[in-house]
Amino acid sequence: MNQEIDLLDVKIDYAFKRIFGENEDIFINFTNSILNQPHNKKIKSVQFLNTEVNQESAFDKESRFDVLAQLNDGSFVNMEMQMSYTSEYEKRCLYYWTKLYE
21 MNQEIDLLDV KIDYAFKRIF GENEDIFINF TNSILNQPHN KKIKSVQFLN TEVNQESAFD
81 KESRFDVLAQ LNDGSFVNME MQMSYTSEYE KRCLYYWTKL YE
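Written as structure tokens, this is what we have:
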């Protein structure tokens with residue numbers, strides 16, 4: 021019997037946070053394994069953020085964060101899954117970085 025199973029796409033924010041948000045240790049171990057960084061640059065803890073950052077005015081664009089990770093050296097990294105290439109990526113990263121420190 022060949023039965024088709026519908027699975028959640030982990031690239032969708034809801035599915036990602038349902039799978040990894042309830043299992044921080046799995047996310048940390050999985051991500052550290054993929055990134056293969058030296059010990060001081062490995063992820064120590066994560067915070068799954070509200071993906072919609074409030075707009076301060078009607079002219080502000082909507083922004084989304086996924087995961088704020090703290091590394092063993094104490095630094096923080098905003099982690100975001102990209103679904104497609106954009107030439108504005110560097111500008112968007114800088115914009116998100118400023119929102120983290122407001």
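Here the working numbering is used: the first residue of the sequence shown is 21, the next is one more, and so on.
Here a beta-carbon is modelled for each residue, glycine too, at the ideal position from N, C-alpha and C.
Query	Result
Counting only the same chain and skipping the five closest in sequence on each side, list residues whose C-beta sits under 6 Å from that of E100.	D86
My understanding is that N98 touches L120, with C-beta atoms under 8 Å, so please give their C-beta distance in whole angstroms.	6 Å
Quick one, which of L69, M103 and D45 has its alpha-carbon nearest K62's?	D45
Whole angstroms are fine: how far does the CA of E42 sit from the CA of L28?	15 Å
Please report the Cβ distance between V66 and I48, rounded to the nearest whole angstrom; I am assuming they are in contact, meaning their Cβ atoms lie under 8 Å.	6 Å
DSSP three-state call for A78: helix, strand or coil?	Any reading at A78 is ruled out, since the residue's pLDDT is 43, under 50, leaving its predicted position unreliable.
Sort out for me which residues DSSP pairs F68 with in a bridge.	V87
Give the straight-line distance between the Cα atoms of V30 and Y105, rounded to the nearest whole angstrom.	18 Å
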